[in-house]
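All remarks here apply to the structure that follows.
Numbering (this note's numbering), first residue to last: 269 to 408.
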């Protein structure tokens with residue numbers, strides 16, 4: 269008997285620069301969270317190092333080069349009845365580059381803490397609060 273359930277691993281970048289967080293708005297046609305705001309990131313490919321996957325995803329999605337500093341938290345959610353996603357969120361710093369969005373996103377915003385609390389999904393805000401992301405010195 270084949271098990272149709274699957275677990276995906278994703279990495280997210282908490283990219284803070286000059287006291288602001290880079291967030292991106294998903295394309296409205298996206299099957300998961302269309303139109304919502306999130307941090308940059310995506311799925312880890314088989315055999316890929318977690319931090320290398322995040323650097324790759326940041327480059328693909330927003331066109332900038334970033335450095336991964338340290339892991340901030342891990343969380344999980346059920347995307348569909350048969351798919352669970354494990355998310356590893358890392359603190360990142362911009363190295364260089366100009367933002368150029370991929371087709372996955374329709375907008376970006378360097379948000380203050382207050383703006384992030386208004387724009388991000390409640391689940392992300394809850395993860396940020398639970399893991400003291402809003403208290404990081406990089407916001408100041």
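Virtual Cβ for every residue (Gly too), placed ideally from N, Cα, C. Just so you know, these numbers come straight off a predicted model, no measurement behind them.
Using a 10 angstroms sphere on the CB of residue 312, the tally of other CB atoms reaches 16 or more, which defines it as buried. Excluding residues up to 5 positions away in sequence, 333, 334 and 335 lie with their Cβ nearer than 7 Å to the Cβ of residue 363 in the same chain.
In this structure, residue 359 keeps its C-beta atom at 8 Å or more from the C-beta atom of residue 316. Judged by DSSP in its simplified three-state form, residue 345 adopts strand. Counting only runs of 3+ residues, the beta strand (DSSP E) found wholly inside the region 364–398 occupies 373–379, in chain order.
Restricting attention to 290, 305 and 289, the CA atom closest to the CA of residue 296 is found in 305. When 389, 341, 310 and 281 are compared, the shortest CA-CA separation from residue 398 is found for 341. With respect to the 8 Å criterion, residue 291 and residue 379 are classified as neighbours on the basis of their beta carbons. Around the Cβ of residue 352, a 10 Å sphere holds fewer than 16 other Cβ atoms; the residue is exposed. Taking each of 285, 281, 287 and 390 in turn and checking the Cα distance to residue 327, the smallest one comes out for 281. Looking at the backbone, the Cα of residue 347 and that of residue 309 are separated by about 16 Å. Residue 320 sits in a helix when the DSSP states are folded into three classes.
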